[in-house]
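Protein chains: 2
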Amino acid sequence: MNNFQFRNPTNIIFGKGQISKIADEIPKDAKVLMLYGGGSIKKNGIYEQVTAALKGISFEEFGGIPANPEYEVLLEALAVIKEKNIDFLLAVGGGSVIDGVKFLSSAALYEGDEPWDILSKGIRTEKGMPFGTVLTLPATGSEMNSGAVVTRAETKEKLVMGGPGLFPVFSILDPSVVASVPQRQIANGLADSFTHVLEQYMTYPAGGLLQDRFSEGILQTLIEVAPAVMKDPADYEAAASFMWSCTLALNGLIQKGVPTDWAIHMMGHELTALYGIDHARTLAILTDSHYTYNLETKKEKLAQYAERVWGVTEGTTEEKAKAGIQKTKEFFESLGIKTNLSDYTDESEGTAQKVANRLKERGMTKLGEHGTITPTDVEKIVAMAY
Amino acid sequence: MNNFQFRNPTNIIFGKGQISKIADEIPKDAKVLMLYGGGSIKKNGIYEQVTAALKGISFEEFGGIPANPEYEVLLEALAVIKEKNIDFLLAVGGGSVIDGVKFLSSAALYEGDEPWDILSKGIRTEKGMPFGTVLTLPATGSEMNSGAVVTRAETKEKLVMGGPGLFPVFSILDPSVVASVPQRQIANGLADSFTHVLEQYMTYPAGGLLQDRFSEGILQTLIEVAPAVMKDPADYEAAASFMWSCTLALNGLIQKGVPTDWAIHMMGHELTALYGIDHARTLAILTDSHYTYNLETKKEKLAQYAERVWGVTEGTTEEKAKAGIQKTKEFFESLGIKTNLSDYTDESEGTAQKVANRLKERGMTKLGEHGTITPTDVEKIVAMAY
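These protein sequences, in sequence, are chains C and U. For the first sequence, counting from 1, position 264 maps to 264 in our numbering; every step adds exactly one. For the second sequence, counting from 1, position 128 maps to 128 in our numbering; every step adds exactly one.
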């Protein structure tokens, strides 16, 4: 097991009717900016619940943060924060809104001239403006971690940021909200959280016995609840296990002390930036080809996964590993997610090279848990995904 | 799944050579009291590592905190804290030292006249004196939770305390320290952490799908590493998984959203207070009879445990449940722990009644996840343990 440090101070408030507790978690004299996305919260009752819960607290609103939060829109919100002397942020939404608010938390206290530097120069945020979240869509785990991904439309860039200053002070997780999530987004949430676990688990045996068990436990739970939550998002018990699994999939715990991959995400971000493919679907597209291409270095863990998660008992290590890849592809397809790149874009020529070149331009030439996946490998992996 | 709140802000610093990082975690101007137990840290090199790491920081020492930290000894340490204007505590030890320091953290800021009230009146600690820990013995999980157990020798009382003010600021977990732990204490650590998980898991199905998987994962890991760590405590990889499993067994995570039992602990504490039996051994003694006595209400989870953790595939639910109990008893015995009360005390007459009466006197008349275990039941369960 590798040495590690783990600290996650976010206060999770989980369950039915918990949105009403927001005001207990925000300082009474705070000047709050409530941020949300395209307005679905005004249709499903969450907007009313949140604003009712904020009674007695001074707050402004900023709606319209798009999926893959765009830098240009976030700059408008940043101007509101400065103009209105905001000192506490409240994200009401899924991963995109929460990630956008994390950028704002950092940018609001950033002393440089150009907030984009936080992303392009990889500046770690030690201290951000305090913020809480009300999660409306289980998927990214952003509600209990200190990372974020922000997109810049004009340059088609999608970059990551983070730091210990970016943990939410609190996050309210009411599984009842899942009832109004469209099925497409539930499928995305299942695939996204599933891949988050895979990226932290599917490497090589490294003595992380408990980390492996926890990772396998999240995968098993997602597989177990997927049919129920896809069939009826108002099934509270299924939604609760789905939501808690998404959070634990990326709150830092399972990656501590073990190697991690994240190459699927790095390649997937480029597909989203280039073609606007849903984040989760880019992951589902690339999983099969990434694991097949890297079978030799990943086969022990792939076989362990096939055995423990899918109950595959027959075959050699390599055969089990391949069965694990196939089961994963079938799981994504069972969610209605197409897993071939050709299902998403006609641009069959040049895409693989484009992705490779874009990563190369940013110096991301050594991906994967061994740091051995070069732009040449990326090109082959993406090409295999057609 | 039940509603829950989860926040655990302790900074875990895990791995080889991490004790040297202590000074980074303590305010430079702090006046520190370093507390430890019977002096084993002076023999195994940990004392030297800690004091070397504290270079440049002003600190005093208090040694001699006994197993099952005694109130009388802790009062002496409290006097030192007040006399020397201490404002930061450092526990170097196992669960007893850490629990003792938690009491001191609370008592140092307590405004009442009688610190024992914190225990006897169940006063919750909202704010304590900040403290860190250097763990020398994996077992109790106290290094990453906010609870403690303190004993008062004169009245033979062993009482629990806790509150959000009692999380360690940091805990240093270096698995290398396991190399010098006597085998008896390693066995105790395995049994203690194993039972911690059982108390939070062995109730009834309650929709905590992920919590069940995590609990089962900790149990599987403890079973997997037990032979290696018993055979050679210097096996770093085994010690690392053992240590991290003990911490995760009782850091709050697996109990969130699900019912918990804790009756074994409540009865076990009385056996320790009455006869001085090692805490972990009291748990091993009572597990079999508690689960057998409560088979009807626990059989679904017992059968699930037998299947998933021990691979029991044959039989009815009840047969699997009984197999699970038997496997547990055999696991404890495999650690060299005798699991019958008659192995520990000749006082075969009256013990069961004594335990029942003591719990009754403290108003603990409704134990277990259903609150249905009365002193009459306690008497029968303890009697069955002979």
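Glycine is no exception: its CB is placed at the ideal position from the N, C-alpha and C atoms.
Annotated as proximal: C/Asn3 and U/Gly15, with beta-carbon spacing under 7 Å. With respect to chain C, the C-beta atom of U/Arg7 has a partner C-beta closer than 7 Å. Secondary structure at C/Phe62: strand, using DSSP grouped into helix, strand and coil. Between U/Phe131 and U/Ser105, the CB-CB gap stays under 7 Å. DSSP lists no bridge partner for C/Gln353.
Secondary structure remark: continuous beta strand (DSSP E) runs of at least 3 residues inside the region 255 to 334 of chain U: none found.
Non-local beta-carbon contacts of C/Lys102 in its own chain, meaning distances under 6 Å to residues more than five positions away in sequence, involve Ala148 and Leu166 in chain order. For U/Pro182, the secondary structure class from DSSP, reduced to helix, strand or coil, is coil. According to DSSP, U/Thr151 shares a beta bridge with U/Glu70 and U/Lys158. For C/Leu75, the closest C-alpha among the options C/Glu333, C/Glu199, C/Arg152 and C/Asn44 is that of C/Arg152. Contact with chain U is absent for C/Gly147, since none of that chain's Cβ atoms lies less than 7 Å from the residue's Cβ. Of all residues in the region 230 to 248 of chain U, only Glu237, Ala240, Ser241, Trp244, Ser245 and Leu248 place a beta-carbon less than 7 Å from a beta-carbon of chain C. Under the DSSP assignment, U/Lys31 falls outside any alpha helix (DSSP H), being part of the beta strand (DSSP E) whose first and last residues are Lys31 to Tyr36. Distance between C/Gly371 and C/His290, taken at the CA atoms: about 14 Å. Contact of U/Phe214 with chain C by beta-carbon distance below 7 Å involves Phe214 and Gly217. The region 181 to 197 of chain C makes contact with the region 276 to 284 of chain C; the number of CB pairs closer than 8 Å reaches 3 or more. Under the DSSP definition of a beta bridge, C/Gly93 partners with C/Leu135. In the same chain as U/Lys127, and ignoring 5 residues on each side of it, the C-beta atoms closer than 8 Å to its own belong to Leu109 and Gly165, in chain order. Within chain C, the C-beta atoms nearer than 8 Å to that of U/Val225 come from Leu209, in chain order.
Taking C-alpha positions only, U/Leu250 is separated from U/Glu199 by approximately 10 Å. Rounded to whole angstroms, the separation of the alpha carbons of U/Leu274 and U/Lys354 is 9 Å. Between U/Ile118 and U/Met161, the CB-CB gap stays under 7 Å. Non-local beta-carbon contacts of C/Thr376 in its own chain, meaning distances under 8 Å to residues more than five positions away in sequence, involve Ala356 in chain order. Within the DSSP bridge table, the entry for U/Leu248 names no partner. Under the Cβ distance rule, C/Thr221 counts among the residues neighbouring chain U, one pair being separated by less than 7 Å. From the listed residues U/Asp113, U/Asp174, U/Met202 and U/Glu154, the smallest Cα separation to U/Tyr305 is found for U/Met202. C/Leu35 sits close to C/Ala91, with the two beta carbons spaced by under 7 Å. At a cut-off of 7 Å between beta carbons, C/Met34 makes no contact with chain U.
In the displayed model, C/Ile13 falls within a strand according to three-state DSSP.
With a cut-off of 8 Å on Cβ pairs, the region 252 to 267 of chain U is not in contact with the region 320 to 335 of chain U, counting fewer than three such pairs. Boundaries of the beta strand (DSSP E) around C/Ser171: Phe170 to Leu173. Residue state for C/Arg213 is assigned as helix, using DSSP reduced to three classes.
Counting the other Cβ atoms within 10 Å of the Cβ of U/Ala239 gives 16 or more, which makes it buried. Here the C-alpha atom of U/Ala284 lies approximately 14 Å from the C-alpha atom of U/Thr140. In the three-state reduction of the DSSP assignment, U/Arg124 falls in the coil class, being assigned neither a helical nor a strand state. U/Thr221 places its beta carbon 7 Å or farther from that of C/Leu248.
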